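Undergrad:
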Amino acid sequence: MAKKQFKAESKRLLELMINSIYTNKEIFLRELISNASDALDKRHYLSLTDHDHKVAKKDLTITIVRDQENRQLTIEDTGIGMTAEEMEKNLGTIARSGSAEFVSQLEKDSKNIDIIGQFGVGFYSAFMVAKKITVESRSALSDKGFRWVSSGQDGYTISEIDRDTVGTRIILDLKDDTDDEKYSDFLQEYKIRDLVKKYSDYVRYPINMEVTKSIPDPTDEKATIDTKETETLNSMIPLWKKNKSKITDEEYNEFYKTKFSDWEDPAKVIHYNIEGNISYTALMYIPSKAPSDFWYQTYESGLQLYTKGVFIMDKAKDLLPDHFRFVRGLIDSDDLNLNISREILQQDRQVRALAKSVEKKIQNALEDMLKNEREKYEKFFDEFGLNLKYGIYKDFGLHKDQLQDLLLFRTESEGKYVTLKEYVENMKDDQKVIYYACGKSLDDIRNLPALEKIRDKGYEVLCFLHDIDEFCIQMMRDYDGKQFQSITTADLDLDSDEEKKAKEEKTEENKDMLVAMKEALGDQVKEVRISSRLKDDPVCIVAAEGPSLDMERYMANEPNNMLGNIKANKILEINPDHAIFGKLQEVYREHPEELNDYADVLFQQALLIQGLPIEDPVAYTKKITEMMIRTK
Ligand code: ADP
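Rendered as structure tokens:
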């Protein structure tokens with residue numbers, strides 16, 4: 136029989152498993168039982184929704200068989216089973232999302248073998264203890280059975296077999312014992328019993344095993360006799376149905392990591408039970424880290440849905456609003472129809488009520504974390520804050536009231552995170568608006584010329600470090616009645632009467648020069664004017680009404696921008712107290728023909744400081760060189 140090869144990534148994972156020196160090899164059992172439980176979920180659901188595939192609940196089981204003589208451990212389930220194609224697809228390739236990332240992590244940091252245990256590595260983990268794995272299976276939807284056999288790296292074979300029952304049997308030929316490693320322990324009754332209790336107690340199907348019991352010998356009072364009987368090793372109470380006070384953090388975390396294929400403990404657990412119009416139990420988690428594909432279109436969010444303890448679907452999107460799509464978890468409700476499908480889900484009144492309630496609970500959990508676990512919340516925000524901002528921007532700001540107090544922004548002064556509420560509370564008495572500045576980093580923002588005056592006044596500025604930030608606050612319009620204002624808007628209105636007067640006089644005195652400069656720059660600017668916001672910098676650009684400078688920058692960088700060439704109405708401001716101003720006056724007086732070049736270079740400089748592209752860098756540098764040559 137021709138051997139087939141594993142797909143590249145699977146092969147690497149396999150190698151890691153075969154040569155694993157990981158000390159907790161026992162987790163393989165958890166992984167195999169978890170797969171069996173999933174398969175039983177699927178069969179149960181099929182049975183309840185399709186008359187042709189009825190199966191009694193009591194027949195949905197997992198059986199563990201220990202064969203000490205042949206060093207074989209078998210895990211058998213009466214679940215959905217696999218066809219030959221499914222074996223090929225599921226066992227020849229890494230199926231689990233995140234596995235690929237796991238492999239690359241492990242390769243980068245091969246000493247960090249601990250992550251094997253933290254991360255469910257699925258079926259392949261069995262190669263940590265087995266030198267050969269045989270999978271015999273028949274799908275509920277097929278009348279043929281198949282056998283998949285592999286001894287590891289050299290590939291696998293699939294062949295047809297006779298099999299009358301639906302389900303899957305996984306036979307592990309355990310590795311030979313070594314001085315350090317006693318694989319035969321996994322054939323001991325106590326060992327398997329312990330492992331099932333430890334990792335799989337809450338599996339909702341019976342995990343049966345034949346055990347030896349000593350009973351009193353009826354013929355001899357002092358003696359006992361050993362009998363064999365089948366025992367269910369697990370308590371079968373799902374974790375989420377257990378009393379909250381009886382669940383340890385460890386159990387919550389362990390459950391999360393196995394169930395949702397993450398290798399980090401979650402940041403927060405949300406577990407509750409609601410009785411009312413719609414009764415349900417929720418066990419939800421806020422992950423510590425965004426999954427690697429979280430920001431891609433292909434990422435599927437949603438909660439697992441159970442009805443009366445029956446698994447219905449994996450990623451019920453309609454139970455989770457988009458702005459909280461980072462939450463993973465499950466809902467178990469007795470009030471939903473078993474036949475509920477993805478399509479019906481959306482329209483169902485009960486489901487909408489449920490989703491509302493779930494949303495409220497997540498909201499409360501986040502607010503609570505922000506209030507009581509600030510450091511944790513900031514970490515969460517680093518990971519998922521962007522998603523909350525998108526949530527505000529989406530649907531024309533429909534969710535702004537709900538989400539705005541969950542936002543954090545860095546302050547210009549100290550660079551620490553503040554909420555909008557905290558910002559407003561700390562506003563100066565004479566401060567009317569919320570100031571913000573956009574930039575790629577705090578340093579970029581701190582270098583903005585337009586900042587000087589505001590800083591002088593002692594006003595705090597919020598740093599907008601993401602493109603979405605400005606779009607987001609445009610949706611909000613204001614916060615607590617306070618408008619948002621970019622520090623690069625034309626009308627900051629910060630001058631005292633005295634300053635205003637001085638500025639007017641300066642403007643009047645230099646009117647002709649300013650007009651000449653404006654003419655030199657043509658359509659590029661709306662106006663050239665005297666600045667009252669600059670202290671040390673020579674010039675800056677501000678935007679009159681219309682799109683802001685940062686919108687222009689954003690649009691210019693957007694490859695698929697549908698809105699065309701959005702331009703801000705730019706105003707070039709000149710610092711009248713800067714040496715360059717005297718120079719401009721001199722040039723205008725003595726060599727007016729050179730003013731054009733000065734205006735141009737200063738304008739381009741202002742663009743650069745603002746992080747805006749200049750149209751013709753070659754012409755700009757040429758001009759500067761010429762001016763340097765001219766300078767005596
Ligand atoms: P994961 O369980 O995370 O998807 P695994 O590598 O453990 O990854 O399993 C790969 C796939 O093989 C599963 O998704 C499932 O489709 C299939 N599979 C594994 N074990 C069984 C089983 N006992 N019964 C039916 N299908 C199974």
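The end of the sequence shown is residue 767 by our numbering, with every number in the run present.
The beta-carbon is built from N, C-alpha and C at its ideal position, and this holds for glycine as well.
The model shown is predicted, which means the values in this text are computed figures rather than measured ones.
1) Between which two residues does the beta strand (DSSP E) harbouring residue 618 extend?
2) Let me know the beta strand (DSSP E) ranges lying completely inside the stretch 633 to 674, each 3 residues or longer, listed in chain order.
3) Could you tell me the distance, in whole angstroms, from the CA atom of residue 197 to the CA atom of residue 373?
4) Could you check whether the Cβ of residue 265 sits closer than 7 Å to any heavy atom belonging to the ligand ADP?
5) Would residue 340 and residue 175 be called neighbours here (beta carbons separated by less than 8 Å)?
6) Out of 582, 622, 575 and 598, which one is the CA nearest neighbour of residue 589?
7) Could you tell me which residues DSSP pairs with residue 282 in its beta bridges?
8) Tell me, which residues are paired with residue 570 by DSSP?
9) In terms of DSSP beta bridges, what is residue 304 paired with?
10) Looking at C-alpha atoms only, which residue of 551, 720, 165 and 308 is the closest neighbour of residue 269?
11) Just to confirm the assignment, what range does the alpha helix (DSSP H) spanning residue 468 have?
12) Which of the three DSSP states, helix, strand or coil, is assigned to residue 369?
13) Out of 440, 452, 205 and 500, point me to the one whose CA is closest to residue 474's CA.
14) Taking 7 Å as the line, does the beta carbon of residue 261 fall inside it for any heavy atom of the ligand ADP?
15) Can you have a look at residue 727 and say buried or exposed, based on whether 16 or more other CB atoms are within 10 angstroms of its CB?
16) Contact check, residue 282 vs residue 211 under 8 Å by CB: the rounded distance?
17) Closest by CA to residue 655, which one among 601, 425, 732 and 579?
18) Which one of 362, 666 and 518 has the shortest CA to CA distance from residue 352?
19) In the DSSP assignment, find the unbroken alpha helix (DSSP H) run with residue 559 in it and report its ends.
20) Taking the C-alpha atoms as reference points, what is the distance between residue 722 and residue 530?
21) Give a yes or no on whether the C-beta atoms belonging to residue 504 and residue 515 are separated by under 8 Å.
22) Mind checking whether the beta-carbon of residue 396 lies closer than 7 Å to any heavy atom of the ligand ADP?
23) Under 7 Å Cβ to Cβ from residue 748, same chain only, skipping five residues before and after it: list those, please.
24) In its own chain, which residues sit with a C-beta less than 6 Å from the C-beta of residue 460, not counting the 5 before and 5 after it?
25) Closer than 8 Å is the cut-off here; do at least three beta carbon pairs connect the stretch 169 to 187 with the stretch 211 to 230?
26) Can you tell me whether residue 432 is helix, strand or coil according to DSSP?
27) Less than 8 Å separating the beta-carbons of residue 334 and residue 533?
28) Excluding sequence positions up to five away, which residues of its chain have a Cβ less than 8 Å from the Cβ of residue 547?
29) Is residue 506 near residue 402, with beta carbons less than 8 Å apart?
30) Give the secondary structure of residue 404 by DSSP, where H, G and I count as helix, E and B as strand, and everything else as coil.
31) Considering only their Cβ atoms, is the gap separating residue 180 from residue 395 smaller than 8 Å?
32) With distances taken Cα to Cα, identify the nearest neighbour of residue 613 among 584, 276 and 569.
33) Does the count of Cβ pairs from the stretch 636 to 649 and the stretch 657 to 666 closer than 8 Å reach three?
34) With distance defined between alpha-carbon atoms, name the residue in 261, 279 and 525 nearest to residue 285.
35) So what does residue 742 bridge to, in DSSP terms?
36) My output table needs one value for residue 537: the three-state DSSP class, helix, strand or coil.
TA: By the coordinates alone:
1) In the sequence shown, the residue the question calls residue 618 occupies position 483. Element bounds for residue 618: 617 to 621.
2) Fully enclosed beta strand (DSSP E) runs of 3 or longer: 662 to 665.
3) Sequence index remark: in the sequence shown, residue 197 carries index 62 (1-based). Sequence index remark: in the sequence shown, residue 373 carries index 238 (1-based). For residue 197 and residue 373, the distance between alpha carbons rounds to 16 Å.
4) The sequence position of residue 265 within the sequence shown is 130, counting from 1. The answer is no for residue 265.
5) On the sequence shown, position 205 is the one that residue 340 refers to. On the sequence shown, position 40 is the one that residue 175 refers to. Contact: yes.
6) For this step, residue 589 is matched to residue 454 along the sequence shown. Out of 582, 622, 575 and 598, 622 has the C-alpha closest to the C-alpha of residue 589.
7) Taking the sequence shown and counting its residues from 1, the one referred to as residue 282 is at position 147. Note: residue 282 sits in a beta bridge opposite 271 and 294.
8) Along the sequence shown, one-based indexing puts residue 570 at 435. Residue 570 is bridged to 596 and 620.
9) Taking the first residue of the sequence shown as 1, we reach residue 304 at position 169. According to DSSP, which records beta bridges pairwise, residue 304 is partnered with 211 and 271.
10) For the purposes of this step, residue 269 is identified with residue 134 of the sequence shown, where counting begins at 1. For the residues 551, 720, 165 and 308, the minimum Cα distance to residue 269 belongs to 308.
11) Residue 468 sits at position 333 when you count from the first residue of the sequence shown. Segment 463 to 468 is the beta strand (DSSP E) holding residue 468; no alpha helix (DSSP H) there.
12) Within the sequence shown, residue 369 is the residue found at index 234, counting from 1. In this structure, residue 369 counts as coil in the three-state DSSP scheme.
13) For this step, residue 474 is matched to residue 339 along the sequence shown. Ranking the options by Cα distance to residue 474, first place goes to 440.
14) Walking along the sequence shown from the start, residue 261 turns up at place 126. No, since every heavy atom of the ligand ADP falls outside the 7 Å radius drawn around the Cβ of residue 261.
15) Within the sequence shown, residue 727 is the residue found at index 592, counting from 1. Result: exposed.
16) Here the question's residue 282 lines up with position 147 in the sequence shown. Here the question's residue 211 lines up with position 76 in the sequence shown. About 14 Å separates the two Cβ atoms, so there is no contact after all.
17) Counting from 1 along the sequence shown, the entry for residue 655 is found at position 520. By alpha-carbon distance to residue 655, the top candidate from 601, 425, 732 and 579 is 732.
18) In the sequence shown, residue 352 corresponds to position 217, counting from 1. Here the closest residue by C-alpha is 362.
19) Here residue 559 corresponds to residue number 424 of the sequence shown, with the count starting at 1. Note, residue 559: alpha helix (DSSP H), 555 to 560.
20) Indexing the sequence shown from 1 puts residue 722 at position 587. Indexing the sequence shown from 1 puts residue 530 at position 395. When only Cα atoms are considered, residue 722 and residue 530 end up about 54 Å apart.
21) If you number the sequence shown from 1, residue 504 lands on position 369. If you number the sequence shown from 1, residue 515 lands on position 380. Yes, the pair counts as a contact, with Cβ atoms nearer than the cut-off.
22) For the purposes of this step, residue 396 is identified with residue 261 of the sequence shown, where counting begins at 1. Taken from the Cβ of residue 396, at least one heavy atom of the ligand ADP lies inside 7 Å.
23) Looking up residue 748 in the sequence shown gives position 613. Same-chain partners within the cutoff: 691.
24) As a working mapping, residue 460 is identified with position 325 in the sequence shown. Counting only Cβ-Cβ distances below 6 Å, and skipping sequence neighbours, we find 436.
25) The stretch 169 to 187 vs the stretch 211 to 230: in contact.
26) Against the sequence shown, residue 432 aligns to sequence position 297. Coil.
27) What you label residue 334 is simply residue 199 of the sequence shown in a count that begins at 1. What you label residue 533 is simply residue 398 of the sequence shown in a count that begins at 1. At the C-beta level, residue 334 and residue 533 stay beyond 8 Å of one another.
28) As a position in the sequence shown, residue 547 is number 412, starting the count at 1. Same-chain partners within the cutoff: 572, 577, 580, 581, 586, 590, 595, 596, 597 and 598.
29) Residue numbering aside, residue 506 sits at position 371 when the sequence shown is read from its first letter. Residue numbering aside, residue 402 sits at position 267 when the sequence shown is read from its first letter. No, the pair does not count as a contact, with Cβ atoms beyond the cut-off.
30) Counted from its first residue, the sequence shown places residue 404 at position 269. In the three-state reduction of the DSSP assignment, residue 404 falls in the strand class, which pools E and B.
31) For this step, residue 395 is matched to residue 260 along the sequence shown. For this step, residue 180 is matched to residue 45 along the sequence shown. Contact flag unset, no.
32) Taking the sequence shown and counting its residues from 1, one reaches residue 613 at position 478. Comparing alpha carbon positions, the residue from 584, 276 and 569 closest to residue 613 is 569.
33) Output reads yes: the stretch 657 to 666 touches the stretch 636 to 649.
34) Here residue 285 corresponds to residue number 150 of the sequence shown, with the count starting at 1. Among 261, 279 and 525, the Cα nearest to that of residue 285 belongs to 261.
35) To locate residue 742, count along the sequence shown from 1; it is residue 607. According to DSSP, residue pairing for residue 742 in a beta bridge does not occur.
36) Numbered from 1 along the sequence shown, position 402 holds the residue referred to as residue 537. Here residue 537 sits in helix by DSSP.
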